[in-house]
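Asks:
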Amino acid sequence: MSVMGFLKPQYLTADEVPENHFVVVHPLDDVPEEKIDTSRLGPMPMTPSVKYSLFALRGYLVLMMLMVFYHVIDLAGFIHHAR
Amino acid sequence: MQEKVLAISTAGIDSALPQVRGRVVKKKWMHHLLTFLMVFGPGLIVMEADNDAGAVSTYIQAGGQYGTRLLWLLLLLLPTTYFIQEMVVRLGIATGKGHAAMIYQRFGRWWGLFSLVDLELVNFLTLVTEFAAIALALSHLGINANLGVPVAAVGLITLVLTGSYLRWERIVVVLCLLDLSWLVIAFKLRPSFGELLHNSIIPGIPAGGLTASLVFLVIAIVGTTIAPWQLFFQQSCIADKRLRFSDVKWARLDTLFGAVFTIIVAGCMMIAGNAARMHGIIFEDPAQMANALHIFTGEGIRYGILLLMINAAVLGTTAISLSSAWAYGEVRGWPHSLQLPIREAKGFYGTYIACVAVAAAIVLIPRAPLQLIILGVQVLAGIMLPSAIIFLQLLLNDKELLGEEFVNKPWNNWVNWTIIIVLFALSLILAAQVVAPNLFPLS
Chain A
0 MSVMGFLKPQ YLTADEVPEN HFVVVHPLDD VPEEKIDTSR LGPMPMTPSV KYSLFALRGY
60 LVLMMLMVFY HVIDLAGFIH HAR
Chain B
0 MQEKVLAIST AGIDSALPQV RGRVVKKKWM HHLLTFLMVF GPGLIVMEAD NDAGAVSTYI
60 QAGGQYGTRL LWLLLLLLPT TYFIQEMVVR LGIATGKGHA AMIYQRFGRW WGLFSLVDLE
120 LVNFLTLVTE FAAIALALSH LGINANLGVP VAAVGLITLV LTGSYLRWER IVVVLCLLDL
180 SWLVIAFKLR PSFGELLHNS IIPGIPAGGL TASLVFLVIA IVGTTIAPWQ LFFQQSCIAD
240 KRLRFSDVKW ARLDTLFGAV FTIIVAGCMM IAGNAARMHG IIFEDPAQMA NALHIFTGEG
300 IRYGILLLMI NAAVLGTTAI SLSSAWAYGE VRGWPHSLQL PIREAKGFYG TYIACVAVAA
360 AIVLIPRAPL QLIILGVQVL AGIMLPSAII FLQLLLNDKE LLGEEFVNKP WNNWVNWTII
420 IVLFALSLIL AAQVVAPNLF PLS
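Taken in sequence, the protein lines are chains A and B.
All residue numbers for the first sequence refer to numbering that gives the first Met the number 0, where the first residue is 0 and numbers rise by one.
All residue numbers for the second sequence refer to numbering that gives the first Met the number 0, where the first residue is 0 and numbers rise by one.
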């Protein structure tokens, strides 16, 4: 096979592929494959690990928001630091 | 007429397909190599685009302040960033859907909206900083930013409007590979290779001890190496490229290659900052450093650093804008693919164009509050990163969603929970620094 033949993609049928050869197909040229069907799934079940993780996340977000709020009022000059 | 069916090996698995567009190879190694090259792209792009304008500034600043003493941190971040993105690869290939859509579906509207708004906001503010870097580098090159920034914005918009994912990917991969020039710059600056090896392998705190500026810089390096948009970007990119189940191992290799490439380039940026430090140059941004450094190293290095700054910002802009457009398109249920022509995905392309155009316009406003925007990026990214990784970790343990094959193995969970705890701790240290500025000594 010529180098150009190897580099250039071509439309192939079964007869055109020599025995013991591989055909490499780009994902965008391939037939779309069936993925895991997520449409039947609703929200994630609240197992203990999910519940504790989301609880910790809420706590973290509240804490960060308080920190940001503190920083803003500090920058605005409402907090007097002891020297 | 019945269509002829061809039994072929696509990336290692046999499937029955009608007439197919492909390349015939004889050798197995050639089959593997070609398949890898076809899958290659999203991993490199997501990693290297993270070496954006902000990252160039952070790594060079780290080199300028502490020399190459923090190279070990980069080496530590290599597996960290790989493990996080590897989870995204599995999720993207298994579901064929983007990250934003997954969060909406599995965690409900509140968390979905929180993630989306935070992502869009932090992405937009980051885009403003990318264009600010372009304007800065252009002005140092003697090009009027009022002309150069709109040209860059038009170029970035044109890049995605071709209706071809592949065209976009190929151009962006070339831009990523241009960053190899950082290796040439680092080599020309003649660092001590023994010292580089020592500082890469042996962790240590720079002279001066644990100061507030060191803590900030370490957090900034971690924050700039692992960014929330990367999770959304790579999963959507994989879905858009339609990677197959059989591509998982090649997509992992692509991600690993991208991680190694990015960390090496980041190390080279630190070496550039170190060179400035060795010459006693004090600088506030990479462009200033490049200008001051050229007295010792010549014009080539100066032009190289300024052009690479622009390249970094361009890469960051296209990847970040796309992550915004993909995420918004997924949640709104709009068609969202680079394969689609504009008329079929108006909302998706409109979001991308709006992100790029408005960010570029803000930079051109005289006296725009850029420092406030940079602070906003840091705060929002700090809030978002741990939460985004929590969602990712929970999704990767969701057997109902992924089945036994794609969920995390126990060792994955040990590694990932460790990473999450460290990221939470760093975010809390950053927050504590804000409340108690004297937590660590100033110098």
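Glycine is no exception: its CB is placed at the ideal position from the N, C-alpha and C atoms.
Treat the numbers as computed from the prediction; the structure is a model and nothing was measured.
Going by the beta-carbon positions, is the gap between Val313 of chain B and Val127 of chain B smaller than 8 angstroms?
Replies: Residue mapping note: residue 313 of chain B aligns to position 314 of the second sequence, counting from 1. Residue mapping note: residue 127 of chain B aligns to position 128 of the second sequence, counting from 1. Against a cut-off of 8 angstroms, the Cβ pair of Val127 of chain B and Val313 of chain B comes out as no contact.
Asks: Looking only at its chain, what residues have a beta carbon closer than 8 angstroms to the beta carbon of Leu11 of chain A, apart from the 5 residues adjacent to it on each side?
Replies: Residue numbering aside, residue 11 of chain A sits at position 12 when the first sequence is read from its first letter. So the list reads Val22, once near-sequence residues are dropped.
Asks: So, is Leu209 of chain B buried or exposed, given that buried needs 16 or more other C-beta atoms within 10 angstroms?
Replies: Position 210 of the second sequence, counted from the start, is the residue given in the question as residue 209 of chain B. Exposed, by the Cβ-count rule.
Asks: DSSP three-state call for Phe21 of chain A: helix, strand or coil?
Replies: Walking along the first sequence from the start, residue 21 of chain A turns up at place 22. It is a strand residue.
Asks: Let me see if you follow: with CB-CB separation under 8 angstroms, is Met45 of chain A close to chain B or not?
Replies: As a position in the first sequence, residue 45 of chain A is number 46, starting the count at 1. It does not: the Cβ of Met45 of chain A has no partner Cβ on chain B nearer than 8 angstroms.
Asks: For Ile220 of chain B, tell me which candidate among B:Leu72, B:Leu438 and B:Ile304 has the shortest Cα-Cα distance.
Replies: The count along the second sequence starts at 1 and reaches residue 220 of chain B at position 221. Comparing Cα-Cα distances from Ile220 of chain B to each of B:Leu72, B:Leu438 and B:Ile304, the minimum goes to B:Leu72.
Asks: So for Leu11 of chain A, helix, strand or coil by DSSP?
Replies: Mapped onto the first sequence, residue 11 of chain A falls at position 12. DSSP places Leu11 of chain A in strand when its eight states are reduced to three.
Asks: For the beta strand (DSSP E) that contains Arg20 of chain B, what are its first and last residues?
Replies: As a first step, residue 20 of chain B is located in the second sequence; it is residue number 21 there, counting from the start. Val19 to Val24 is the extent of the beta strand (DSSP E) around Arg20 of chain B.
Asks: Give me the Cα-Cα distance between Phe68 of chain A and Asn290 of chain B, rounded to the nearest whole angstrom.
Replies: Position 69 of the first sequence holds residue 68 of chain A. Position 291 of the second sequence holds residue 290 of chain B. Going from the Cα of Phe68 of chain A to the Cα of Asn290 of chain B covers about 39 angstroms.
Asks: Alpha carbons only, please: which of B:Ser322, B:Gln432 and B:Ala274 is nearest the one belonging to Gly66 of chain B?
Replies: One-based indexing of the second sequence puts residue 66 of chain B at position 67. The shortest Cα separation from Gly66 of chain B among B:Ser322, B:Gln432 and B:Ala274 belongs to B:Ala274.
Asks: Could you pull the start and end residues of the alpha helix (DSSP H) that Glu399 of chain B belongs to?
Replies: Here the question's residue 399 of chain B lines up with position 400 in the second sequence. Glu399 of chain B -> alpha helix (DSSP H) spans Lys398 to Phe405.
Asks: Determine the chain A residues that contact Asp397 of chain B at a beta-carbon separation under 7 angstroms, and present them in chain order.
Replies: As a position in the second sequence, residue 397 of chain B is number 398, starting the count at 1. Those are Met43, listed as they occur along chain A.
Asks: Taking just the CA atoms, how far does Ile170 of chain B sit from Ala311 of chain B?
Replies: For the purposes of this step, residue 311 of chain B is taken as the residue at position 312 of the second sequence. For the purposes of this step, residue 170 of chain B is taken as the residue at position 171 of the second sequence. Distance between the alpha carbons of Ala311 of chain B and Ile170 of chain B is about 14 angstroms.
Asks: Measuring only the C-alpha atoms, how far is Asn396 of chain B from Leu422 of chain B?
Replies: Along the second sequence, one-based indexing puts residue 396 of chain B at 397. Along the second sequence, one-based indexing puts residue 422 of chain B at 423. Rounded to the nearest angstrom, the two C-alpha atoms are 19 angstroms apart.
Asks: Our contact map puts Ala430 of chain B next to Phe130 of chain B with C-beta atoms below 8 angstroms; I'd like the distance itself, whole angstroms only.
Replies: For this step, residue 430 of chain B is matched to residue 431 along the second sequence. For this step, residue 130 of chain B is matched to residue 131 along the second sequence. Actually they do not touch by this definition, with Cβ atoms about 29 angstroms apart.
Asks: Just checking: is the beta-carbon of Ile78 of chain A within a distance shorter than 8 angstroms of some beta-carbon in chain B?
Replies: Mapped onto the first sequence, residue 78 of chain A falls at position 79. No, Ile78 of chain A lies away from the interface with chain B (no Cβ there is under 8 angstroms from its Cβ).
Asks: Gly402 of chain B versus chain A: which residues are under 9 angstroms apart at the beta carbon?
Replies: Taking the first residue of the second sequence as 1, we reach residue 402 of chain B at position 403. Residues of chain A passing the Cβ test: Ile35.
Asks: So Ile83 of chain B packs on Leu242 of chain B, CB below 8 angstroms; how close in whole Å?
Replies: Here residue 83 of chain B corresponds to residue number 84 of the second sequence, with the count starting at 1. Here residue 242 of chain B corresponds to residue number 243 of the second sequence, with the count starting at 1. Actually they are not in contact, since the Cβ atoms of Ile83 of chain B and Leu242 of chain B sit about 18 angstroms apart, beyond 8 angstroms.
Asks: Go ahead and pull the three-state DSSP assignment for Ser38 of chain A.
Replies: For the purposes of this step, residue 38 of chain A is identified with residue 39 of the first sequence, where counting begins at 1. Three-state result, Ser38 of chain A: coil.
Asks: Does DSSP put Asp253 of chain B in a helix, a strand or coil?
Replies: Residue mapping note: residue 253 of chain B aligns to position 254 of the second sequence, counting from 1. Correct three-state label for Asp253 of chain B: helix.
Asks: Can you list the residues of chain B that Tyr10 of chain A reaches, using a CB-CB cut of under 9 angstroms?
Replies: Numbered from its first residue, the first sequence carries residue 10 of chain A at position 11. By Cβ distance, chain B contributes Gln18, Val19, Arg20 and Gly21.
Asks: Which complete alpha helix (DSSP H) runs does the stretch 33-86 of chain B hold, if anything under 4 residues is left out?
Replies: The qualifying runs are 41-47 and 52-65.
Asks: Assign Asn143 of chain B to buried or exposed, taking buried as 16 or more other Cβ atoms, counted over all protein chains shown, within 10 Å of its Cβ.
Replies: For this step, residue 143 of chain B is matched to residue 144 along the second sequence. Exposed: under 16 other Cβ atoms inside 10 Å.
Asks: Can you give me the C-alpha to C-alpha distance between Val71 of chain A and Gly299 of chain B, rounded to a whole angstrom?
Replies: Walking along the first sequence from the start, residue 71 of chain A turns up at place 72. Walking along the second sequence from the start, residue 299 of chain B turns up at place 300. The straight-line gap from Cα to Cα measures roughly 44 angstroms.
Asks: What does the alpha-carbon distance come out to for the pair Asn122 of chain B and Trp228 of chain B?
Replies: Residue mapping note: residue 122 of chain B aligns to position 123 of the second sequence, counting from 1. Residue mapping note: residue 228 of chain B aligns to position 229 of the second sequence, counting from 1. For Asn122 of chain B and Trp228 of chain B, the distance between alpha carbons rounds to 7 angstroms.
Asks: Relative to the C-alpha of Leu339 of chain B, which candidate in B:Glu85, B:Ile372, B:Val159 and B:Leu255 has its C-alpha closest?
Replies: The residue given as residue 339 of chain B occupies position 340 in the second sequence. Measuring from the Cα of Leu339 of chain B, the nearest candidate turns out to be B:Val159.
Asks: In the structure shown, what three-state DSSP assignment does Ser163 of chain B receive?
Replies: On the second sequence, position 164 is the one that residue 163 of chain B refers to. Three-state result, Ser163 of chain B: coil.
Asks: Taking the CB atoms as reference points, tell me whether Ser322 of chain B and Phe192 of chain B lie closer together than 8 angstroms.
Replies: Your numbering for residue 322 of chain B matches position 323 in the second sequence. Your numbering for residue 192 of chain B matches position 193 in the second sequence. Their beta carbons are not under 8 angstroms apart, which means Ser322 of chain B does not touch Phe192 of chain B by this criterion.
Asks: Using a beta-carbon distance below 8 angstroms, is Tyr51 of chain A in contact with chain B?
Replies: Taking the first sequence and counting its residues from 1, one reaches residue 51 of chain A at position 52. No, because no Cβ of chain B sits closer than 8 angstroms to the Cβ of Tyr51 of chain A.
Asks: So the candidates are A:Val61, A:Glu33, A:Thr37 and A:Pro31; which of them puts its Cα closest to the Cα of Lys398 of chain B?
Replies: The sequence position of residue 398 of chain B within the second sequence is 399, counting from 1. It is A:Thr37 whose Cα lies nearest to the Cα of Lys398 of chain B.
Asks: If Ala100 of chain B and Val330 of chain B are in contact, beta carbons under 8 angstroms, what's the gap, nearest whole angstrom?
Replies: Here residue 100 of chain B refers to the residue found at position 101 when the second sequence is read from its first residue. Here residue 330 of chain B refers to the residue found at position 331 when the second sequence is read from its first residue. With 8 angstroms as the limit, Ala100 of chain B and Val330 of chain B qualify as a contact, their Cβ atoms being about 7 angstroms apart.
Asks: Would you mind telling me which residues of chain A sit closer than 7 angstroms to Ile389 of chain B, beta carbon to beta carbon, in chain order?
Replies: On the second sequence, position 390 is the one that residue 389 of chain B refers to. Result: Ser52 and Leu56.
Asks: On a Cα-Cα basis, can you pick out the residue from B:Leu36, B:Pro41, B:Met29 and B:Asn50 that is closest to Gly266 of chain B?
Replies: Position 267 of the second sequence, counted from the start, is the residue given in the question as residue 266 of chain B. Out of B:Leu36, B:Pro41, B:Met29 and B:Asn50, B:Asn50 has the C-alpha closest to the C-alpha of Gly266 of chain B.
Asks: Excluding the five sequence neighbours on either side, which residues of its own chain have a C-beta within less than 8 angstroms of the C-beta of Ser8 of chain B, listed in chain order?
Replies: Your numbering for residue 8 of chain B matches position 9 in the second sequence. Bear in mind that the predicted position of Ser8 of chain B carries a pLDDT of just 38, short of 50, making it too unreliable to give a figure here.
Asks: Check this for me: beta carbons of Ala61 of chain B and Met277 of chain B, under 8 angstroms apart or not?
Replies: As a first step, residue 61 of chain B must be located in the second sequence, where it is residue number 62. As a first step, residue 277 of chain B must be located in the second sequence, where it is residue number 278. The answer is no: Cβ separation not under 8 angstroms.
Asks: Please report the Cβ distance between Ser336 of chain B and Ala344 of chain B, rounded to the nearest whole angstrom; I am assuming they are in contact, meaning their Cβ atoms lie under 8 angstroms.
Replies: Position 337 of the second sequence, counting from 1, holds the residue named residue 336 of chain B. Position 345 of the second sequence, counting from 1, holds the residue named residue 344 of chain B. Indeed they touch by this definition, with Cβ atoms about 6 angstroms apart.
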